[in-house]
Amino acid sequence: MRVVIVGAGGLGGPIALALARAPVELTIVDPDRVELSNLHRQVQFSDADVGAAKATRLAARVGGVGIVGRWTAPDQALAGDLIVDASDDPATKFAIADHAVATRRPYVIASALRYGGNVMVGAPGAACYRCLFEDVPDEVPSCAAAGVLGPVVGVIGGLAAALALRLVANDRRDAGSIYVVDDARVDHAPRVVRFARRAGCTCRSS
Amino acid sequence: MATVRVPTALRTFTAGASDVDVTGATVRDVLAELDGKHPGIAAKILDGSGAVRPFIRIYVGPDDIGSLAGLDTPVAARDEISIIPAIAGG
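First to last, the protein sequences are chains A and X.
In terms of our numbering, the first sequence is residues 95 to 300.
In terms of our numbering, the second sequence is residues 37 to 126.
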């Protein structure tokens, strides 16, 4: 199975490291280069990596293929059998979910901010990311703007990797669920919310 | 008394508090009460017409209010109201 991880930063790092020894082929996509301000939470990189492309550096660590650029839906090289979103861009998250629904692929959408985060799991026939959040937010803080506690991305990234591995094993029990960690400093288990397909959602016509 | 679980993205309004105790009888009442205690927070959850913004989901216990009575969903003592926004950080 080919797994595409979109984002090689705070979440993409722990996800890729956790999947590195799984029976999958990893492709890692990210347009950015390592910055000094990333290092407190992107522990897959060292000072020597500052200025290097994140995708190729992380791919080299985990034996995968690194693609320096943005994920784009029509590019088959970036499709994969399973897509794991670890990006910091809301439009990318929705585009990945839409593409996965349209092409009937399983997917994982991971997000982290400040002290918490969430991981949504999707698969054909189950409620989708748009059933949960209907449209791209018009204002949403990013890690760069609002910050994220370093260990939080390890917690959320590890959770995303564990849920991705279930999909790799064709275990789809989590499809249509979101795992929520409100505050990783005090929450030692995620809250799991299973949600239903939303009437009128675009996934109903796919 | 019910409890609102405030997502991290909105805790700037609650001085960092993750939980806020409320007594409102419906989700609409609860949000008004929440805004009374922490002015400005409701505008991040509801749009100008008073509807829940499309990138935010509200749950009473395990149930999405969208599948219940929306903002008129009843809230009982000891209920947990979860506000889950789309977040983008990676």
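Each residue gets a CB set at the ideal place from its N, CA and C atoms; glycine is no exception.
At the level of alpha carbons, what is the spacing between H74(X) and D141(A)? 42 Å
What ranges does the alpha helix (DSSP H) occupy inside the segment 206 to 288 of chain A, keeping only unbroken runs of at least 4 residues that lie completely in it? 223 to 226, 237 to 240 and 244 to 262
Hey, would you say A149(A) sits closer than 7 Å to V162(A), going by beta carbons? yes
Starting from the beta carbon of P231(A), find every residue of chain X whose beta carbon is closer than 7 Å, and list them in chain order. F91 and A122
Which residues in chain A have a C-beta closer than 8 Å to the C-beta of P162(X)? List them in chain order. Shown here, chain X extends from 37 to 126; a query on residue 162(X) therefore has no answer.
With burial defined as no fewer than 16 other Cβ atoms inside 10 Å of the residue's Cβ, what is the status of P121(X): buried or exposed? buried
Residue nearest to G210(A) in terms of C-alpha spacing, selected from Y273(A), R198(A) and C225(A): Y273(A)
Checking 7 Å against the spacing of the C-beta atoms, do L257(A) and V213(A) come in under that value? yes
Determine the contact status of D182(A) and G126(X), defining contact as a CB-CB distance below 7 Å. yes
Any C-beta of chain A within less than 8 Å: which residues of the segment 48 to 73 of chain X qualify? S54
Grab the span of the beta strand (DSSP E) containing L176(A) for me, first residue to last. L176 to D179
Nearest chain A C-beta to S103(X) closer than 7 Å, yes or no? yes
Contact set for R292(A): own chain, Cβ-Cβ below 6 Å, skip 5 residues either direction: C225
Report the neighbours of G106(A) on chain X: residues whose CB is nearer than 8 Å to its CB, in chain order. G126
Express the C-alpha separation of D65(X) and A206(A) in angstroms, rounding to a whole number. 30 Å
For the alpha helix (DSSP H) that contains G106(A), what are its first and last residues? G106 to L113
Using a cut-off of 7 Å between C-beta atoms, extract the partners of R114(X) located in chain A. Correct list: empty, because the minimum Cβ distance to chain A is about 16 Å.
Exposed unless 16 or more other CB atoms sit within 10 angstroms - verdict on L130(A): exposed
In chain X, what lies closer than 7 Å to V274(A) by C-beta? I120
So which of I81(X), L67(X) and A79(X) has the shortest CA-CA distance to T109(X)? L67(X)
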